[in-house]
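Colleague: This is the structure, below, for whatever I ask next.
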Amino acid sequence: MASFVQILIRDDDAIVSFSFPNAFEGCRGRPESVQASAVLEKLPSTLRRLCILLGPGLGHVDDLALSFILEYITNRYPHLASFSITSYASSWIPMTAVLSRVSRFGCRAIRIVDPAQKSEASITVHRRGSQVGHALSVVIPLCRLWEEAVVAALCDNFWQLDKLTILPPLLFTAYQEQRDTILASFQRFLSRARDLQCLSLPLELSSGLAPIILLASALPHCNKIELSCASLRFFFAQSSVISELISGLHHFDHLKKLALPAEVLCPSLHACLGGLRGLQELKIVAATTTTPTELPAPHPGQFATLRTLQILGTFSHLQWALEAFAHPEANSLRSIYVESKCLGNKDETRGAFEIMASRCPKVKELGVCIQNIHPFEKMDWLDLSPLCDLQLKDFVIHHPRPLALSDSDILRFLTAWSRAKHISLNPRPTLPAWVASGGAAPPLPTLTSLIHAAEHGRMLHHFGIYLNSRLPRTLGSRDRPGSLRELDLGLSRRSRQSAVWIQEVFPNAVVQ
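Take the sequence shown: its letter number 445 is residue 445 in the numbering used here, and every next letter is one higher.
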């Protein structure tokens, strides 16, 4: 049997692609035309994932007929875990008939996409024992909300919606011309979305932000708002955006999660957010490397419920956010995540981590992701030493190069984080190790660090590390605690002798 089959459906642009036994791939082209039903009958019942592409030549897609086709597929393939449909038919507005029919047959995930119109509907099925839960989400451009057919589909079919994402208009002038009609349609639909949990809005809504957010605050289950801006030029030209946000978010006390651009934050909005009594998670996305407007330190009682802070920007943004949202006496933050394109200077990480240790001593989870190398970066730019003042239980860090850490550094971390369960120290770098001045090899942990993990990681379940796998001079006792379940050595080179030794020291661990 061929390892890859492509099936043409009804026109030259619509392809169903299968790869055996359990994967799928989608592509476009002109494969040999065959009957889809004939091929489906011959596919193994163990098929796990399936993707169908519907070409623009199909014109109108009948959702009712499509739902019966999907019912046939899910009955024939009981192990199907995910099913996706991509439609290039310009007239197609996906209905929940398709989504709900598939979900009843145990399919965990289905996506229905209209790429031409940037619209998407998806449902995910969650199973816990005998209970089944569904997560239904829709992505749609703002300007399509003035189309009667779209609004009717939303009102009639997506009233059980969990997440709604509104994309910004391609042309702001076109939105302004239809603004009143669009906002009226949006509010008519939104008032019926009683199960909505997350609403994602573009700041391009401008003067429509306040009424939409106020309407969302009246929905009993809506506890997450995501705000984005496609153009900073637009934001700085619209002075009303801040007042609209304050008017909408004021007294939104059951709001638990908020995501917004760093450039939006100012003292007045900071004060508004500080008064939200239920805010637990705050995500700040920085579009530039420039540090935003200086914010005041939080007053006692502000951000008292904030547990998670996520920064997509620089470590300077992280320091700025910690000073603005972490009260040193409240100590409410438990989880901090930072994702940066690259480091900006030598002192950036140390400064941010020192502020973290002083203002957030009760942080237990820390995630750090540095995507790229700065052109002038040296191996001493990343300074993790201030983290020894924290008592982390979960620490993950990613960097393009292996971390320049010694066995002594690892010992200090393990001693400081004595109750840690998950530590991942960049086991899978994408670039080679640093070269020290004079061409000397940089410090890298050795197998001695694994001895430290065995001796001091009494509660450790996962340990990831990139190391120089030369054998230590003294192997020490092999009577080690058996808490470690996963040892991720990533791209570390291992000799046969070291592999045997590792298995003896960690007999209960799966070594990756």
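Even for Gly, the Cβ is constructed at its ideal location relative to N, Cα and C.
As a quick exercise: from Ser316, Ser122, Ser217 and Lys364, pick the residue whose alpha carbon is nearest that of Thr308.
Modeller: Checking every option, the nearest Cα to that of Thr308 belongs to Lys364.
Colleague: If you check the beta carbons only, do Leu460 and Ile423 fall under 8 Å apart?
Modeller: In contact: Leu460 and Ile423 (Cβ atoms closer than 8 Å).
Colleague: Please state if the CB of His327 and the CB of Pro298 are separated by a distance shorter than 8 Å.
Modeller: Yes, the pair counts as a contact, with Cβ atoms nearer than the cut-off.
Colleague: List, from N- to C-terminal side, the beta strand (DSSP E) runs of 3 residues or more that fit wholly inside the region 160-225.
Modeller: With a minimum length of 3 residues, the continuous beta strand (DSSP E) runs that stay inside the region 160-225 are 163-167 and 198-202.
Colleague: Sort out for me which residues DSSP pairs Glu323 with in a bridge.
Modeller: Glu323 pairs with nothing; no bridge assigned.
Colleague: Give the single residue among Ala262, Arg334 and Thr288 whose Cα lies nearest to the Cα of Leu306.
Modeller: Here the closest residue by C-alpha is Arg334.
Colleague: Could you tell me the distance, in whole angstroms, from the CA atom of Arg428 to the CA atom of Leu273?
Modeller: So the two alpha carbons sit approximately 38 Å from each other.
Colleague: In chain order, what residues of the same chain lie with their CB nearer than 7 Å to the CB of Gln35, ignoring the 5 residues before and after it?
Modeller: Because the pLDDT at Gln35 is just 43, under 50, the model does not fix this residue reliably, and the point stays unresolved.
Colleague: Tell me the residue span of the alpha helix (DSSP H) that contains Thr415.
Modeller: Its alpha helix (DSSP H) spans residues Asp407 to Ala416.
Colleague: In the DSSP output, what is Thr517 paired with across the bridge?
Modeller: Nothing can be reported for residue 517: it is not among the residues displayed for the chain, which extend from 1 to 512.
Colleague: Specify whether the region 138-154 and the region 215-230 touch according to this definition: at least 3 beta carbon pairs, one from each stretch, less than 8 Å apart.
Modeller: Contact fails: fewer than three Cβ-Cβ distances are below 8 Å.
Colleague: For the candidate residues Asp380, Cys388, Thr430 and Phe413, whose alpha-carbon lies nearest to that of His399?
Modeller: Of the listed residues, the one whose Cα sits closest to His399 is Thr430.
Colleague: Classify Pro267 as helix, strand or coil using the three-state DSSP reduction.
Modeller: Pro267: helix per DSSP, three-state reduction.
Colleague: Taking the Cβ atom as the reference point for each residue, do Leu403 and Gly464 lie within a distance shorter than 8 Å?
Modeller: Cβ atoms of Leu403 and Gly464: not closer than 8 Å.
Colleague: Whole angstroms is fine: what's the gap from Arg179's alpha carbon to Leu276's?
Modeller: Taking the straight line from one Cα to the other gives about 30 Å.
Colleague: By a C-beta neighbour count over all protein chains shown, 10 Å radius and 16 as the cutoff for buried, is Ala2 buried or exposed?
Modeller: Legend: pLDDT at Ala2 = 32, less than 50; position of this residue unreliable, value from coordinates given subsequently. With fewer than 16 Cβ atoms within 10 Å of its Cβ, Ala2 is classed as exposed.
Colleague: Is the beta carbon of Leu279 less than 8 Å from the beta carbon of Leu255?
Modeller: In contact: Leu279 and Leu255 (Cβ atoms closer than 8 Å).
Colleague: Any chance you could list the beta strand (DSSP E) runs of at least 3 consecutive residues sitting entirely within the region 358-395, in chain order?
Modeller: DSSP runs (the beta strand (DSSP E)) wholly in the region 358-395: 365-370.
Colleague: Which of helix, strand or coil does DSSP assign to Glu348?
Modeller: Here Glu348 sits in helix by DSSP.
Colleague: What would DSSP say about Val510, mapped onto helix, strand or coil?
Modeller: In this structure, Val510 counts as strand in the three-state DSSP scheme.
Colleague: From the DSSP output, in three-state form, read off Ser45 for me.
Modeller: In the structure shown, Ser45 sits in coil (DSSP, three-state: anything other than H, G, I, E or B).
Colleague: Looking only at its chain, what residues have a beta carbon closer than 6 Å to the beta carbon of Val139, apart from the 5 residues adjacent to it on each side?
Modeller: Closer than 6 Å at the Cβ level, and outside the excluded window around Val139, lie Glu120 and Thr165.
Colleague: If the criterion is Cβ atoms closer than 8 Å, does the pair Phe325 and Phe353 meet it?
Modeller: Going by C-beta atoms, Phe325 is not nearer than 8 Å to Phe353.
Colleague: Hey, could you find the ends of the alpha helix (DSSP H) His452 is sitting in?
Modeller: Its alpha helix (DSSP H) spans residues Leu447 to His456.
Colleague: Among the residues of its own chain, which have a CB less than 7 Å from the CB of Gln160, if the five just before and after it don't count?
Modeller: Once the five neighbours on either side are set aside, the close Cβ partners of Gln160 are Leu136 and Asp195.
Colleague: If we ignore side chains and look at the alpha-carbon of each, how far apart do Leu414 and Lys346 end up?
Modeller: Rounded to whole angstroms, Leu414 to Lys346 spans 25 Å at the Cα level.
Colleague: Kindly identify the DSSP beta-bridge partner or partners of Cys463.
Modeller: Going by the sequence as given, residue 463 is Phe instead of Cys. Looking at the DSSP assignment, Phe463 forms a beta bridge with Ile423 and Leu487.
Colleague: Can you have a look at Pro522 and say buried or exposed, based on whether 16 or more other CB atoms are within 10 angstroms of its CB?
Modeller: Here the chain comprises residues numbered 1 to 512, so residue 522 is not present and cannot be evaluated.
Colleague: Just to confirm before moving on: does the CB-CB distance between Ala321 and Ile284 stay below 8 Å?
Modeller: In this structure, Ile284 lies closer than 8 Å to Ala321 by Cβ.
Colleague: Can you tell me whether His79 is helix, strand or coil according to DSSP?
Modeller: Here His79 sits in coil by DSSP.
Colleague: Alpha carbon to alpha carbon, what distance is there between His462 and Lys421?
Modeller: Roughly 6 Å separates the two Cα atoms.
Colleague: Beta-carbon within less than 7 Å of Glu148's beta-carbon, same chain only, minus the 5 sequence neighbours each way: which residues are those?
Modeller: Once the five neighbours on either side are set aside, Glu148 has no close Cβ partner at all.
Colleague: Return helix, strand or coil for Ala262, following the three-state DSSP convention.
Modeller: Three-state result, Ala262: helix.
Colleague: Kindly indicate the opening and closing residues of the alpha helix (DSSP H) around Glu294.
Modeller: No alpha helix (DSSP H) holds Glu294; DSSP gives it neither H nor E.
Colleague: According to DSSP, what are the bridge partners of Lys257?
Modeller: BP columns for Lys257 point to Lys224 and Glu281.
Colleague: Just verifying my parser: in three-state terms, what is the DSSP assignment at Glu354?
Modeller: Three-state DSSP puts Glu354 in a helix.
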